[in-house]
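Undergrad: Okay, handing you the structure first.
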Amino acid sequence: MDKNKSNFNNTELIKKRLNSLQFAVTQENATEPSFRNEYWDNTREGIYVDIVSGEPLFSSLDKFDSGCGWPSFTKSVDEKKIKQSVDASHGMVRTEVRSTDADSHLGHVFTDGPQPGGLRYCINSAALRFIPREDLENEGYGELLALFEK
1 MDKNKSNFNN TELIKKRLNS LQFAVTQENA TEPSFRNEYW DNTREGIYVD
51 IVSGEPLFSS LDKFDSGCGW PSFTKSVDEK KIKQSVDASH GMVRTEVRST
101 DADSHLGHVF TDGPQPGGLR YCINSAALRF IPREDLENEG YGELLALFEK
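Residue 1 is where the sequence shown starts when you use the UniProt record's numbering, and the numbers rise one by one after that.
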């Protein structure tokens, strides 16, 4: 992904790079269908990056099956890469999560996750790109291989 911050604010450039669902989710705060998205049941080892900026957001090590039909994680790879805000849309109050660099809408975080921590980051697959563990070095994320060392 393009890591040049100046391109994160260029809506037309982003629209050309993403499919319509990815654009709707990341730029228009849409939600993809549960259980009919790319990563809800992905069990491969690797990381999940922002589809717009390429910033690393989540690891398969922190992914769990919450039963909600979207990828769920207990924490972010780096909490500085995620920002939170109150979302009072759709007649409910939730905590929205967005990527820090590109300001992509990712999903929401809830306090009903597993312990310790108790968080459940419920994230749209359309906001993510999965990079398998074996491809981290070639994709420029070699420093994150340390996450997977036992």
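We put the beta carbon where it would ideally sit given N, CA and C, even for glycine.
Just to confirm before moving on: does the CB-CB distance between Gln8 and Ser72 stay below 8 Å?
TA: Strictly speaking, residue 8 in this sequence is Phe, with Gln absent from that position. In this structure, Ser72 does not lie closer than 8 Å to Phe8 by Cβ.
Undergrad: Roughly how many whole angstroms lie between the Cα atoms of Leu144 and Tyr48?
TA: Going by the C-alpha atoms only, they are around 11 Å apart.
Undergrad: Tell whether a beta-carbon distance below 8 Å holds between Arg94 and His108.
TA: In this structure, His108 lies closer than 8 Å to Arg94 by Cβ.
Undergrad: Could you tell me the distance, in whole angstroms, from the CA atom of Leu136 to the CA atom of Phe58?
TA: Their backbone Cα atoms lie some 13 Å apart in a straight line.
Undergrad: Assuming His90 and Arg98 form a contact by the criterion Cβ under 8 Å, report the distance between their Cβ atoms to the nearest whole angstrom.
TA: The pair is not a contact, with the Cβ atoms about 17 Å apart (cut-off 8 Å).
Undergrad: Taking just the CA atoms, how far does Ile51 sit from Gly140?
TA: Taking the straight line joining both Cα atoms gives about 15 Å.
Undergrad: Here's the rule: buried if 16 or more other CB atoms are within 10 angstroms of the residue's CB, otherwise exposed. What is Ser125?
TA: The residue in question, Ser125, is buried, as its Cβ has 16 or more Cβ neighbours within 10 Å.
Undergrad: From the DSSP output, in three-state form, read off Arg129 for me.
TA: Strand.
Undergrad: For Leu61 versus Leu147, is the C-beta spacing smaller than 8 Å?
TA: Yes, these two residues count as a Cβ contact at 8 Å.
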